[in-house]
Amino acid sequence: MRVLVTGGAGYIGSVVTAELLEAGHQVTVLDDLSTGHADAVPAGADFVQASITEADPVLAAGRFDAVVHFAAKSLVPESMTAPQLYWQNNTVGSLALLESMRRHDVRRIVFSSTAATYGEPDTVPILESSPTRPTNPYGASKLAVDHLLTSYARAHRFSAVSLRYFNVAGARITPQGSLGERHATETHLIPIALQVAAGQREQLLVNGVHYPTADGSCVRDYIHVLDLADAHLRALELASREPAGDGGGGGSHLICNLGSGSGSSVREVIESVRRITGRPTPAVDAPNRPGDPAVLIASNDKAAAVLGWRPTRDLDQMVSDAWDFFQQLRPELTDPRGDGDV
Ligand code: UDP
């Protein structure tokens, strides 16, 4: 298949691009490099530096079979203070992309949605039919795109899949080059814990220790980025089975959670980091992060039934791969023979 990957210079987009190439697809990456890295675009993919609002000439020239759409702003705290960036980039930008796709008759799309569309759940595990009540503009801006896709599927015969990610972690480690998480502003638990393990930060704050969970810390559903990538390839295959377009076919919008179906607490993640890195990784009790639900766990039954997808990599594997990636990026911090002085 010829596939356009938006946001293919980012963490998840670059890993999915690499997996698409390995599976024999032709890939063009569209990324404005606002947060991505040009050197993360896997060799073998064409690269166009442009935003999703500028996709028209690329789609006009490319004869693409499908789009896999990752490009987005994704920092929850930033979305609270600058919501306009989220509505503009994520929602208005996606609408422009869909209109370009419609103009050039590319009507298959796999979209990176998020568990943040659900907000605080009444019950776990979270089903795709659970209420969607996002508690921040990031989740709301992504939920709006899910609604856009439903209406484009119905009215314009798009064949669409929204994949709602839970907590993505890990890296793609290969001798030819590795891909992983390297954000300018790091807010996620596992990369922060690895920075602490490496001595780059003094200590980890355990945000909330009196939640109604077994050890008092928050429970999240962590999923390996390679398992996530596998689901994208399956979703693409599913969308391509339908002859989407005005000639008939299409018209379906599938929404699927991508999670492991089980949870790990913040303290369990820290234990895993200590085990894998062999470093002390100091952690101190700290206040709750505002708006953090106690437990978020996905039901992945639908992904299993419809995509035939099951995650295969556990938390230790995620931490271990993320640590390998971290060591490749910052060998001076993690080499046991080094003095760690940078
Ligand atoms: N967390 C923490 N300390 C940190 C970063 C995160 O205790 O320095 C907690 C956070 O409160 C949440 C969990 O780790 O319960 C996962 O947070 P993350 O930001 O990785 O993902 P989120 O679930 O917010 O999307």
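Basically my numbering = 1-based index in the sequence shown + 78.
We put the beta carbon where it would ideally sit given N, CA and C, even for glycine.
From Asn366 to Gly341, what does the alpha carbon distance come to, in whole angstroms? On the sequence shown, residue 366 is found 288 positions in, with the first residue counted as 1. On the sequence shown, residue 341 is found 263 positions in, with the first residue counted as 1. So the alpha carbons of these two residues sit roughly 18 Å apart.
Confirm the yes/no value for this check: CB of Ala334, any heavy atom of the ligand UDP, distance under 7 Å. Along the sequence shown, read from residue 1 onward, the residue named residue 334 stands at position 256. Here residue 334 turns out to be Cys, not Ala, going by the sequence shown. Cys334: no, Cβ never under 7 Å from the ligand UDP.
Is the CB-CB distance between Val239 and Cys334 below 8 Å? Position 161 of the sequence shown, counted from the start, is the residue given in the question as residue 239. Position 256 of the sequence shown, counted from the start, is the residue given in the question as residue 334. Yes; because the gap between Cβ atoms is below 8 Å, this pair is in contact.
Sequence-distant residues of the same chain with beta carbon closer than 7 Å to Asn245, five excluded per side: As a first step, residue 245 must be located in the sequence shown, where it is residue number 167. Excluding five sequence positions before and after Asn245, the CB atoms of its chain that fall closer than 7 Å to its own CB belong to Arg298, Asp299, Tyr300 and Ile301, given in chain order.
For Ala364, does the count of other Cβ atoms within 10 angstroms reach 16, so buried, or fall short, so exposed? As a working note, residue 364 is residue 286 in the sequence shown. With fewer than 16 Cβ atoms within 10 Å of its Cβ, Ala364 is classed as exposed.
Alpha carbon to alpha carbon, how far is Pro409 from Gly88? One-based indexing of the sequence shown puts residue 409 at position 331. One-based indexing of the sequence shown puts residue 88 at position 10. So the two alpha carbons sit approximately 22 Å from each other.
Could you check whether the Cβ of Leu267 sits closer than 7 Å to any heavy atom belonging to the ligand ADP? In the structure on display, the ligand ADP does not appear, and the ligands it does have are the ligand UDP.
With 16 other CB atoms within 10 Å as the buried threshold, where does Thr355 fall? Working through the sequence shown from its first residue, we reach residue 355 at position 277. So Thr355 counts as buried.
Go ahead and label Arg232 buried or exposed: buried means 16 or more other beta carbons lie within 10 angstroms of its beta carbon, across all protein chains shown. Position 154 of the sequence shown holds residue 232. It is exposed - the Cβ of Arg232 has fewer than 16 other Cβ atoms within 10 Å.
Secondary structure at Arg141, three-state DSSP: helix, strand or coil? Walking along the sequence shown from the start, residue 141 turns up at place 63. Coil.
Count the other C-beta atoms from every protein chain shown that fall within 10 angstroms of the C-beta of Thr390, then say buried if there are 16 or more, exposed otherwise. The count along the sequence shown starts at 1 and reaches residue 390 at position 312. Under this definition Thr390 is an exposed residue.
Whole angstroms is fine: what's the gap from Glu349's alpha carbon to Gln127's? Residue 349 sits at position 271 when you count from the first residue of the sequence shown. Residue 127 sits at position 49 when you count from the first residue of the sequence shown. Going by the C-alpha atoms only, they are around 40 Å apart.
Please report the straight-line C-alpha distance between Asp419 and Leu411, rounded to a whole angstrom. Here the question's residue 419 lines up with position 341 in the sequence shown. Here the question's residue 411 lines up with position 333 in the sequence shown. A caution first: Asp419 carries a pLDDT of 38, below 50, which makes its placement in the model unreliable, though a value can still be read off. About 7 Å.
Using a Cβ-based criterion (distance less than 7 Å to any ligand heavy atom), does Val344 qualify as near the ligand UDP? To locate residue 344, count along the sequence shown from 1; it is residue 266. Yes - the ligand UDP has a heavy atom lying nearer than 7 Å to the Cβ of Val344.
Would you call the CB atoms of Leu314 and Ala144 closer than 8 Å? Position 236 of the sequence shown holds residue 314. Position 66 of the sequence shown holds residue 144. The Cβ atoms of Leu314 and Ala144 lie closer than 8 Å to each other.
Using a 10 Å radius around the Cβ and a threshold of 16 neighbouring Cβ atoms, would you call Val94 buried or exposed? The residue labelled residue 94 in the question sits at position 16 within the sequence shown. Its Cβ being crowded by 16 or more others within 10 Å, Val94 is buried.
What is the residue span of the alpha helix (DSSP H) that Asp402 lies within? Your numbering for residue 402 matches position 324 in the sequence shown. Run containing Asp402: Leu393 to Leu407, per the alpha helix (DSSP H) assignment.
Own chain residues within Cβ distance below 7 Å of Ala101, not counting five before or after: Within the sequence shown, residue 101 is the residue found at index 23, counting from 1. So the list reads Leu311, once near-sequence residues are dropped.
Give me the residue from Leu272, Leu304, Trp165 and Gly277 with the minimum Cα distance to Leu336. One-based indexing of the sequence shown puts residue 336 at position 258. Residue nearest to Leu336 within the set Leu272, Leu304, Trp165 and Gly277 is Leu304 (criterion: CA-CA distance).
With 16 as the cutoff for other CB atoms within 10 Å, does Arg353 come out buried or exposed? Here residue 353 refers to the residue found at position 275 of the sequence shown. Exposed is the call here.
If we ignore side chains and look at the alpha-carbon of each, how far apart do Asp417 and Ile270 end up? Here the question's residue 417 lines up with position 339 in the sequence shown. Here the question's residue 270 lines up with position 192 in the sequence shown. Model confidence at Asp417 stands at a pLDDT of 42, short of 50, so the residue's coordinates are unreliable and nothing is read from them.
Just how far apart, CA to CA, sit Leu111 and Leu163? Taking the sequence shown and counting its residues from 1, the one referred to as residue 111 is at position 33. Taking the sequence shown and counting its residues from 1, the one referred to as residue 163 is at position 85. Roughly 16 Å between the two C-alpha positions.
Let me check one thing: in DSSP terms, what residues is Ser342 bridge-paired to? Counted from its first residue, the sequence shown places residue 342 at position 264. DSSP, once it has assigned bridges, lists Arg298 as partnering Ser342.
So what does DSSP say about Arg319, is it helix, strand or coil? Taking the sequence shown and counting its residues from 1, the one referred to as residue 319 is at position 241. In this structure, Arg319 counts as coil in the three-state DSSP scheme.
Under three-state DSSP, which class holds Ile421? Outside the shown range of the chain (79 to 420) lies residue 421, about which nothing can therefore be said.
When DSSP builds the beta bridges, which residues end up paired with Tyr216? Walking along the sequence shown from the start, residue 216 turns up at place 138. Residue pairing from DSSP leaves Tyr216 without any beta-bridge partner.
Between Gly114 and the rest of its own chain, which residues show a CB-CB distance below 8 Å, the 5 nearest in sequence each way excluded? For the purposes of this step, residue 114 is identified with residue 36 of the sequence shown, where counting begins at 1. Close CB contacts of Gly114 within its chain, under the 8 Å cut and outside five residues either way in sequence, are with Gly85, Gly86, Ala87, Gly88, Gly91 and Ser92 (chain order).
Take Thr192 and list the residues in its own chain whose beta-carbon comes closer than 7 Å to its own, dropping the five residues that flank it on each side. Looking up residue 192 in the sequence shown gives position 114. Same-chain partners within the cutoff: Gly217, Lys220, Arg242 and Tyr243.
Take every Cβ of the stretch 198-208, pair it with every Cβ of the stretch 373-380, and state whether three or more of those distances are shorter than 8 Å. yes
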